[in-house]
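Numbering (the numbering used here), first residue to last: 59 to 235.
All C-beta atoms in this analysis are idealised placements derived from N, C-alpha and C, irrespective of residue type, glycine included.
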Amino acid sequence: MLKRAVSSSTRHLHHTNHKNSTLLLANISYNQSANYYNNYIASVQSKDLEEAKKNTLLLYRRILKILPWMRDVYHLPVNEDVLRRRIHKEFESYKGLTDLEVIDALIIRGYIEREEATMHHKQRGHVLKYFSETEVEKALPKLPEFKKIVKEKINTDALLGSATRKNLGKFIKNMDQ
C-alpha cells in the first residue's frame, strides 16, 4: 500500500499490491506542476478483467459527476449531453482491450486528466480540443436568434436616435477642427 498526501478528489483511488505481478505507477515529471504532482503517485492494479471493469466504471462515473462544473468553469459552448456523449465515445474507443497493464495505465491517465481539469492545470482550449467544430457549431445559437437576443437586451433605435440628434453635430464639428 502506498502512502501519500492526496487531495479530496483523489482520495478514493484504490491501492493494491500483489506479489506475483508488477506494480504499475504513473509518475509525473517534476517539470509539470512540481508542487502538486510531487506527492501524486497513483497506482492501480487490477487482478482480472472484472476488477478492471469496476475501476473503469468508477472513473467514468467520477468524470460524469464533474461535467456540469467543467461546463460552467471552462465556459464550454456545448450542453451536458454533448459532454456525456464525448466522454462515452472516448471510453468506447478502448472497449476491446484485454491487457490489464494497458487498461490500468489508461485508468491512471484518466484520473490524471480529471485531476488536471479540476485543479485548473488545463485552460479552455485544452478542454475544447476534445470536441469537433461541428459539435461546437451545433451548440452555438444561430445568427437570427443571436440578433433577436441582442435586440431584446438593448434597444438600439433609442440609443442611435439620441446619439444622432444630440451628438452628431458636435462630432462633425470636432472632426473638422
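Can you check whether the CB of residue j is closer than 8 Å to the CB of residue i?
i, j, result
"Ile145", "Leu116", "no"
"Arg182", "Ile124", "no"
"Ser104", "Ile170", "no"
If we count the other Cβ atoms within 10 Å of its Cβ and call it buried at 16 or more, is residue i buried or exposed?
i, result
"Glu138", "exposed"
"Leu107", "exposed"
"Glu150", "exposed"
"Val185", "buried"
"Tyr152", "exposed"
"Thr114", "buried"
"Gly154", "exposed"
Near residue i, what residues of its chain come up, given a Cβ to Cβ distance below 7 Å and the 5 sequence neighbours on each side ignored?
i, result
"Glu109", "none"
"Tyr132", "Arg182 and Val185"
"Arg129", "Glu138 and Leu141"
"Lys180", "Glu174"
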